[in-house]
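Per this note's numbering, the very first residue in the sequence shown carries number 3; after that it's consecutive.
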Amino acid sequence: MTDVTSLSAADLARRIAAKELSATEAVGAFVARADALEPQVGAFITRTSEDAMADARAADAELAAGRSRGPLHGVPFGIKDIYWSAGIVTTSGSAIDAEFVPDEDATAVRLLREAGAISMGKVNTVEYAFGPTGQNATYGMPRNPWGEGRMPGGSSSGTGSGVASGFFPFGLGSDTGGSIRIPSSLCGISGIKPTFGLVSRFGVTPLSHSLDTAGPMARTVEDLALLLNVLAGHDERDPVSITAPKVDYVASLEGGVSGLRIGVPLQYV
């Protein structure tokens, strides 16, 4: 029998849509895994398991009635704790903001929820997203599940550790100078730093307005393409949000890379 917590986001979405697996079963499996391992891993700052299970039951009821919210219906995810979540403490990894509760979701969180995704809670981050190792003096450094004593990388440490630990199949990260790419690499998962301005940063605690980029982290490249289909788009509430033609990133996976050229800034080599 397949371990639900080892499935990719895309595979979970397909199975839930086909009613081979219920959202309640899927979310319940991830909750149970986090219950067992989170005390050793430390990926979360705030867990919202009861809300997640309620959302999963609602998702199943909607499917039973012939309604689907979108391509991520019933799929759980983690939210780097610099993204606003309505009614939930958003610490930005700092004791300074330990009591900050936004009254609305960040645009990226809203889009994922509208597409049917279910939040498992807020996950660890380097304080104010400033650091490459994952260390956090207030909330601790999440463990890299591939080896004791190995750092998860930062600043999106909880997302990297959480996906790799099987606590959720995908999550939100952010990248200013490597904060998606570093933990994705060190934790053995997939991550992408999208083109600047492609994904809205509204409701994301800033580190550098001229460099910050919001983006997904997940198990597979297919997952990332699916997530970019949901996340990419203009947002008038983000002053650097770009207007670009809509792209089907999932369809582009079939195109191959023959003929593509990659630019490398030599001063960084």
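For each residue, glycine too, the CB sits at the ideal point set by N, CA and C.
These numbers were taken from a predicted model, which means no experiment stands behind them.
- With contacts defined as CB atoms closer than 8 Å, S10 and P267 fail to qualify as a contacting pair.
- G175 and T135 have their alpha carbons spaced roughly 14 Å apart.
- Taking C-beta atoms as the reference points, S163 and N138 fail to come closer than 8 Å.
- In the DSSP annotation of this structure, L23 is not part of any alpha helix (DSSP H), being labelled neither H nor E.
- By the neighbour-count definition (other C-beta atoms within 10 Å, threshold 16), D37 is an exposed residue.
- By the beta-carbon neighbour count (other beta carbons within 10 angstroms, threshold 16), K21 is exposed.
- In chain order, P134 place their CB closer than 7 Å to the CB of G180, counting only its own chain and leaving out the 5 sequence neighbours on each side.
- Counting along the chain, the unbroken alpha helix (DSSP H) around I184 starts and ends at 183-189.
- Within a 10 Å sphere around the beta-carbon of H211 sit fewer than 16 other beta-carbons, which makes this residue exposed.
- Contact between K248 and G217 is absent: CB atoms are separated by about 17 Å, not below the 8 Å threshold.
- Across the set G168, G95, P73, the C-alpha of G168 shows the shortest separation from the C-alpha of L39.
- M122 carries a strand assignment under DSSP once its states are collapsed to helix, strand and coil.
- Exclusion of the five residues before and after A227 leaves Y251, V252, S254, L255 as the residues of its chain whose Cβ lies within less than 8 Å of its Cβ.
- The Cβ atoms of A54 and V77 do not sit closer than 8 Å to each other.
- Put simply, the stretch 96-116 does not touch the stretch 154-161. Fewer than three CB pairs are less than 8 Å apart.
- By the Cβ neighbour-count rule, D214 is buried, with 16 or more other Cβ atoms within 10 Å of its own.
- Residue environment analysis places S260 among the exposed positions, since fewer than 16 neighbouring C-beta atoms fall within 10 angstroms of its C-beta.
- In this structure, the straight-line span from the alpha carbon of V242 to that of G199 is close to 5 Å.
- Counting every other CB atom within 10 Å of its CB across the protein chains shown gives G95 a total of 16 or more, marking it as buried.
- Take the alpha-carbon of V223 and the one of A66: they are about 30 Å apart.
- Taking the CA atoms as reference points, T48 sits about 42 Å from L262.
- Per DSSP, reduced to three states, the secondary structure at A108 is coil, with no helix or strand assignment.
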